[in-house]
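Novice: Just dropping this structure here.
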Ligand SMILES: Nc1ncnc2c1ncn2[C@@H]1O[C@H](COP(=O)(O)OP(=O)(O)OP(=O)(O)O)[C@@H](O)[C@H]1O
Ligand SMILES: [Mg+2]
């Protein structure tokens with residue numbers, strides 16, 4: 040195993056009532072890199088992330104984060120170790136304002152999984168507020184900070200969810216199709232944003248169908264088809280791989 | 574206020590459609606002197622979300638409204654202590670219930686159990702400790718809190734309908750136990766009452782004897798009768814309201830709303846949500862305990878009927894009718910329901926005949942036959958109809974209705990809001 044792997048997935052297998060969603064998955068995510076996972080619909084990409092964040096328990100195998108086995112841990116414990124995730128369908132707080140949406144994860148990062156601060160004022164925590172304000176600026180949503188999140192467009196919801204993850208300064212950021220449903224312009228803005236995070240040294244796993252995004256960001260690409268990793272390498276290597284072309288061009292079985 | 578340079582610095586964002594790409598952050602913080610000064614600053618201005626001044630103003634207005642009830646309730650014929658203290662007591666009950674249901678979205682159908690437990694604890698305090706209301710209230714809150722801790726710990730393992738059914742089951746268990754196994758503590762169907770010669774160790778220590786002519790709760794010598802009972806309840810209501818306000822404005826309160834909005838997301842941003850919901854449950858149980866204690870304060874007896882499921886359902890109705898999740902709604906709902914209960918349950922067929930005496934005899938017969946199931950004992954039928962109407966036409970409760978009216982009224986004069 041490589042010394043600088045932030046996350047390693049070892050021999051993971053997951054079945055859904057006879058359907059083999061993941062088999063023999065071995066994956067190393069290297070420190071500071073952007074690792075793309077691509078593959079046709081139903082390949083098992085989201086399932087793989089679900090195993091990583093504790094939403095699903097694998098039938099076999101383990102996920103190791105910074106030398107610590109995290110399979111079997113609860114989602115909030117895994118997050119507190121430094122893994123944040125953007126979901127395929129945005130998971131935000133629709134009834135809260137954008138600012139509150141971003142302040143909540145900032146609190147979780149500052150105060151840990153439990154802090155029963157019943158009688159302090161939200162407005163007294165200037166550090167949390169300021170951090171949330173800055174992240175909202177970063178993703179370009181600052182002007183809507185007092186709007187309810189339910190009023191956002193689909194693309195804005197994704198950006199908000201990204202902001203909610205970024206405010207935690209995670210060691211590892213998992214992105215499940217972060218630009219799906221975005222206009223070309225918003226997609227490019229998101230790419231720029233993700234590039235800037237990369238400069239700060241954040242490790243990322245990104246699931247994408249949009250090859251433009253993959254080739255703009257990824258250092259390494261793994262191709263998943265029918266629950267197996269069929270190819271791995273730099274974007275150019277993977278693009279040239281005949282197995283990948285077969286998987287994408289209808290020869291999925 | 575904070576002292577960072579970006580404070581008070583208006584920020585101009587280029588219209589999003591023409592922005593080439595995400596600009597560097599520093600570019601957002603330039604001074605622009607050509608902006609009209611009345612334009613709201615849009616950078617990280619750090620203006621408080623809830624200015625403390627507004628909170629204080631709200632509490633003061635609430636206090637004024639509550640303490641002048643004996644005046645402004647007169648035209649409604651409701652300005653007598655017995656009814657007004659019920660407004661205050663059930664207001665406390667509903668405000669506390671709202672901390673659980675309004676903020677976390679967990680719908681408990683068993684909160685009357687804590688009300689009943691609070692009443693029993695208070696009466697026992699009157700019997701064993703002292704007729705002073707302070708130990709009684711503290712004991713009630715504490716014991717109701719312990720009950721809530723135990724019931725909440727188990728019930729909160731489930732959510733949604735299963736949670737509601739678990740709380741209902743626990744409350745019915747308490748209700749049945751009060752009539753059976755626990756009769757030594759509850760005195761069964763007769764109800765628990767304070768006697769002249771109860772031991773009252775604290776009173777005996779202070780005055781040398783625990784015997785009194787008429788056992789009546791008191792606050793250091795001030796007897797709880799007539800208006801004093803109401804003033805006591807009003808003070809408690811005010812404290813209860815202010816604490817609820819502070820909880821709502823706290824980070825904890827925001828987390829509770831996060832749990833209601835998207836519990837999954839709360840977990841994946843690193844929160845262990847169970848302790849949050851449990852604390853909300855216990856706090857609302859303590860509010861119910863306080864309400865139960867006050868029922869015993871104004872009338873020192875306790876009966877198990879306070880724990881019946883209809884009482885649990887009533888506080889749900891109060892909260893939803895007034896507006897779940899709002900600060901004033903639950904109190905408003907409690908006042909309205911108790912007010913109409915008072916009117917409708919006092920009506921009987923004979924009063925109806927009088928009321929409709931202007932009609933010809935046969936028409937009067939028909940009208941009274943139709944109306945009578947809705948009054949007196951059947952007033953819950955009226956309540957049901959009212960509740961149905963609110964849930965269908967005003968799911969946000971009356972507070973939502975007022976907000977809509979206010980918006981409609983403003984719509985003509987102030988177009989400022991919409992232009993932002
Ligand atoms: N909780 C579940 N229960 C049963 N089957 C599931 C579950 N989650 C995923 N699956 C199945 O597992 C397979 C892989 O699903 P997954 O969501 O991981 O695919 P994906 O690669 O993310 O696809 P997409 O690109 O459409 O998001 C699919 O056939 C899906 O139907
Ligand atoms: Mg997927």
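Residue numbers (this note's numbering), protein chains in the order written: chain A, 40 to 292; chain B, 574 to 993.
Just so you know, even glycine gets a beta-carbon here, dropped at the ideal spot from N, CA and C.
Source: prediction; values computed, not measured.
1) By the three-class DSSP mapping on this structure, what secondary structure does residue 885(B) have?
2) On a Cα-Cα basis, can you pick out the residue from 634(B), 910(B), 667(B) and 710(B) that is closest to residue 869(B)?
3) Measuring only between beta-carbons, confirm whether residue 115(A) sits less than 8 Å from chain B.
4) Within 8 Å (strictly less), CB to CB, does residue 146(A) reach chain B?
5) Would you say residue 823(B) lies against chain A (beta-carbon separation less than 8 Å)?
6) Less than 8 Å between CB atoms is the rule here; does residue 608(B) satisfy it with respect to chain A?
7) I need the DSSP call for residue 998(B), collapsed to helix, strand or coil.
8) Closer than 9 Å, Cβ to Cβ, to anything on chain A: give me those residues from the region 806-837 of chain B, in chain order.
9) Excluding the five sequence neighbours on either side, which residues of its own chain have a C-beta within less than 6 Å of the C-beta of residue 743(B), listed in chain order?
10) Could you run through the region 838-872 of chain B and flag, in chain order, every residue whose CB is less than 7 Å away from some CB of chain A?
11) In the structure shown, what three-state DSSP assignment does residue 54(A) receive?
12) Would you please verify whether the beta carbon of residue 132(A) is less than 8 Å from any beta carbon of chain B?
13) Taking 8 Å as the threshold (C-beta atoms), are residue 68(A) and residue 87(A) in contact?
14) Counting only C-beta atoms, is residue 207(A) closer than 8 Å to chain B at any point?
15) Under 7 Å Cβ-Cβ, which residues of chain B neighbour residue 108(A)?
16) Who are the near neighbours of residue 48(A) in its chain, counting only those whose CB is closer than 6 Å to its CB and skipping five residues on each side?
17) Could you tell me which residues DSSP pairs with residue 766(B) in its beta bridges?
18) Could you check whether residue 151(A) and residue 119(A) sit closer than 8 Å to each other, using their CB atoms as the reference points?
19) With distances taken from CA atoms, which of 634(B), 653(B), 888(B) and 958(B) is nearest residue 802(B)?
20) Taking buried to mean at least 16 other C-beta atoms within 10 Å of its own C-beta, is residue 185(A) buried or exposed?
21) Please go through the same chain and pick out, in chain order, the residues whose beta-carbon is closer than 6 Å to the beta-carbon of residue 612(B), but skip the five residues on each side of it.
22) Between the C-alpha atoms of residue 851(B) and residue 223(A), what's the straight-line distance to the nearest angstrom?
23) Contact criterion: CB-CB distance below 8 Å. Does residue 619(B) meet it with respect to chain A?
24) Using only CA atoms, which one of 633(B), 844(B) and 673(B) lies nearest to residue 114(A)?
25) Distance check for residue 207(A) and residue 595(B), CA to CA, integer angstroms please.
26) Taking the beta carbon of residue 647(B) as the centre, do at least 16 other beta carbons fall within 10 Å, making it buried, or is it exposed?
27) Output needed in chain order: residues of the region 64-90 of chain A with a Cβ under 7 Å from some Cβ in chain B.
Specialist: Looking at the coordinates:
1) Within the second chain, residue 885(B) is the residue found at index 312, counting from 1. Here residue 885(B) sits in helix by DSSP.
2) Looking up residue 869(B) in the second chain gives position 296. Residue 869(B) has its Cα closest to that of 710(B), out of 634(B), 910(B), 667(B) and 710(B).
3) For the purposes of this step, residue 115(A) is identified with residue 76 of the first chain, where counting begins at 1. Closer than 8 Å to some Cβ of chain B, the Cβ of residue 115(A) qualifies, so yes.
4) Counting from one through the first chain, the residue named residue 146(A) turns up at place 107. Interface residue, yes.
5) The residue you call residue 823(B) lines up with position 250 of the second chain. With 8 Å as the cut-off, residue 823(B) counts as an interface residue toward chain A.
6) In the second chain, counting from the first residue as 1, residue 608(B) sits at position 35. At residue 608(B), the pLDDT of 42 sits below 50, so the modelled position is not reliable; the number obtained from the coordinates is stated separately. No, residue 608(B) lies away from the interface with chain A (no Cβ there is under 8 Å from its Cβ).
7) Nothing about residue 998(B) can be read from this structure; chain B reaches only from 574 to 993.
8) 816, 819, 820, 822, 823, 824, 825, 826, 827, 828, 830, 831, 833, 834, 835 and 837
9) Looking up residue 743(B) in the second chain gives position 170. Once the five neighbours on either side are set aside, the close Cβ partners of residue 743(B) are 683 and 724.
10) 838, 840, 841, 842, 843, 844, 845, 848 and 852
11) Here the question's residue 54(A) lines up with position 15 in the first chain. Residue state for residue 54(A) is assigned as strand, using DSSP reduced to three classes.
12) If you number the first chain from 1, residue 132(A) lands on position 93. Yes, residue 132(A) counts as interfacial toward chain B.
13) In the first chain, the residue the question calls residue 87(A) occupies position 48. In the first chain, the residue the question calls residue 68(A) occupies position 29. Cβ atoms of residue 87(A) and residue 68(A): not closer than 8 Å.
14) By one-based count along the first chain, residue 207(A) stands at place 168. With 8 Å as the cut-off, residue 207(A) counts as an interface residue toward chain B.
15) By 1-based counting over the first chain, the position of residue 108(A) is 69. The contacting residues do not exist; residue 108(A) stays about 19 Å from chain B at best.
16) By one-based count along the first chain, residue 48(A) stands at place 9. Within the same chain, residue 48(A) has close Cβ partners 64, 66 and 102.
17) To locate residue 766(B), count along the second chain from 1; it is residue 193. Paired residue(s): 874(B).
18) Translated into positions along the first chain, residue 119(A) becomes position 80. Translated into positions along the first chain, residue 151(A) becomes position 112. Cβ atoms of residue 119(A) and residue 151(A): closer than 8 Å.
19) The residue given as residue 802(B) occupies position 229 in the second chain. Measuring from the Cα of residue 802(B), the nearest candidate turns out to be 653(B).
20) Position 146 of the first chain holds residue 185(A). Answer is exposed; the Cβ neighbour count stays below 16.
21) Along the second chain, read from residue 1 onward, the residue named residue 612(B) stands at position 39. In this predicted model, residue 612(B) has a pLDDT of only 47, less than 50, meaning its place in the structure is not dependable enough to derive any value.
22) Position 278 of the second chain holds residue 851(B). Position 184 of the first chain holds residue 223(A). Their Cα atoms are separated by approximately 45 Å.
23) As a first step, residue 619(B) must be located in the second chain, where it is residue number 46. Chain A, which has a Cβ nearer than 8 Å to the Cβ of residue 619(B), makes this yes.
24) Counting from one through the first chain, the residue named residue 114(A) turns up at place 75. When only C-alpha atoms are compared, the closest one is 844(B).
25) Position 22 of the second chain, counted from the first residue, corresponds to residue 595(B). Position 168 of the first chain, counted from the first residue, corresponds to residue 207(A). Here residue 595(B) scores only 39 on pLDDT, less than 50, and its place in the model should not be relied on; the value that follows carries that caveat. Straight-line Cα distance between these residues: approximately 20 Å.
26) Residue mapping note: residue 647(B) aligns to position 74 of the second chain, counting from 1. With fewer than 16 other Cβ atoms within 10 Å, it is exposed.
27) Residues passing the 7 Å Cβ filter: none.
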